[in-house]
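I have placed the structure first, in the form of structure tokens, so that the comments after it can refer back to it.
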Amino acid sequence: MDTKSEDLASVKNVENTEQPILQIKNPVVKVALQDWEDLDKDLVQLELDNDQYKKKLEEMKVLQKKCLAGIAHQRYRLKKITEALKPVKHLSEDEEKAVNALQMHMLKKKSTFRDYEDNLPHRNGLYLNIILGQVNISLLNKEDKYLYKQDYERFKLTLSNIILILSLLLVLGNYIVDFSNIRWADSILHFLLVWYYCTLTIREQILIVNGSRIKGWWVLHHFVSTACSAITLIWPDSYSYMQFRTQYGWFILYVAFVQLLQYQYQKGCLYRLKCLGQRHDMDVTVEGFMSWMFKGLSYLLPFLFMAYLFQLYNAVILYQLSYDPRCTEWQVPVLAIIHLILFLGNMSTTLLVLKQKFTEDIKNIKKFYKTKYRFNNSKPKIM
Ligand code: COA
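Residues 185 to 567 in this note's numbering are what the sequence shown lists, from first letter to last.
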């Protein structure tokens, strides 16, 4: 018995020995006292469960450390074997066969380690360490990872809806009311965008730590977008601002609309990946998933490319504006460069993603897709 239970026992003894025997006649008080006694018995069991839980947690931590050290050791040995084999040349046919088989085994081992790591804690990385400190944000099973990803997509959906409504109000409202005198209304939208993109960068880092394969550019894109919105927020209410204001409003509106389409695509992918993980679910196959994905992409891509062209157009207009003698704000040329960077990064990454998707080896990705969200849950939740 630990000190806490001993304390409780001594309190009970004191109560039993020192309290006089009371005459209780009121039925409500009687029932309450009886309930309390029952509750007291349950507390003993609860204490035992809690002790067991604490013990298991300690054991789990020890096992986690052991597994992590084991994986690191295995990786180190694999690296050494690979290095040792590198300079070896002029092998006989049998030796070559043996080396090839060994390399295949090593590749399989590496993929097994990645599976093991899915259930082990991960390091936060510099950015999360700075923002969150040493708190552990590892999600230790695929179901939690799936739910977090779902939550991330929902967050984007909610914010995109709000941004769409706000920008619609500001852009269309401009034709009815003269918004040029109420710059603060624009500032609300720009501030919201700063907060939104900033939050996305944090959520995306958490996803990456937990095994998401988001391309580095999309995360960088959100950092650059944060800077873009912050610079627009502090852009003084001037001639150049008023020249660009309506165009930028339409741009924000259009991007929010594209984000809604992206949500539909990502939701579809996520839902099908989860179905693929249900071992006995025959409704979705990898081929079926890929065919749906390409259909979804062919629907989404024209809208995405339009958004990228809009970014290029923004860059051109801002660049021209920066040469206007009435334009004295540093924000104008800086924003022109930022919009150009966004255009180049988005365009090149999207083309790269498409190239990868068309050249990916179906054999390699089959296992990956099937096991990405494999966990025991019979019915997939629809977002
Ligand atoms: N933001 C966040 N995550 C993204 C992402 C984005 N823009 N694009 C892809 N991902 C994620 C996917 O959800 C997936 O995550 P997971 O590993 O956790 O399952 C991972 O990155 C790999 O995705 P991938 O297979 O490379 O691409 P995809 O098929 O999911 O999406 C596109 C491809 C082109 C549709 C997508 O990248 C996209 O919508 N890009 C446009 C981004 C954008 O907003 N541009 C600005 C508009 S102005």
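Using N, Cα and C, we set each Cβ at its ideal position, and we do this for glycine too.
Quiz item: What is the residue span of the alpha helix (DSSP H) that Q229 lies within?
Solution: 211-269
Exercise. Could you tell me the boundaries of the alpha helix (DSSP H) in which Y449 lies?
Key: 423-461
Quiz prompt | Assumed close pair F559, E327 - CB separation to whole angstroms, cut-off 8 Å | solution = 4 Å
Quiz item: What residue range is occupied by the uninterrupted alpha helix (DSSP H) comprising L206?
Solution: Taken as a continuous stretch (DSSP letters only), L206 belongs to no alpha helix (DSSP H), as it is neither H nor E.
Practice problem: Would you mind reading off the limits of the alpha helix (DSSP H) that contains F168? | Solution: A query on residue 168 cannot be resolved here, the shown segment of the chain reaching from 185 to 567 and no further.
Quiz item: Near A520, which residues of its chain fall below 7 Å by C-beta distance, leaving aside the five closest residues on each side in sequence?
Solution: A499, L502, Y503, S506
Practice problem: Going by CA-CA distance only, name the one from A253, L536, S322, K556 that's closest to G461. | Solution: K556
Practice problem: Please list, in chain order, all residues of the same chain as K554 whose beta carbon is under 8 Å from its beta carbon, the five residues on each side excluded. | Solution: L460, G461, V470
Quiz item: Which word fits R456, buried or exposed, when buried means at least 16 other C-beta atoms lie within 10 angstroms of its C-beta?
Solution: buried
Practice problem: Would you check whether the ligand COA has a heavy atom nearer than 7 Å to the C-beta of W514? | Solution: no
Quiz item: Would the beta-carbon of N530 be found less than 7 Å away from any heavy atom of the ligand COA?
Solution: yes
Quiz item: Cα-Cα, which of I415, V537, N394, K214 is closest to S371?
Solution: I415
Practice problem: Taking only the alpha-carbon atoms, compute the straight-line gap between F552 and R397 and give it to the nearest angstrom. | Solution: 12 Å
Self-check item: Nearest neighbour of L269, chosen from I349, R259, C251, N284 [CA to CA]
Solution: N284
Practice problem: Let me know the secondary structure DSSP gives H406 once reduced to three states. | Solution: helix
Quiz prompt | Of the residues Y432, Q515, A282, the one placed nearest L496, counting alpha carbons only | solution = Y432
Quiz item: Does the segment 344-361 come close enough to the segment 304-312 to have 3 or more Cβ pairs within less than 8 Å?
Solution: no
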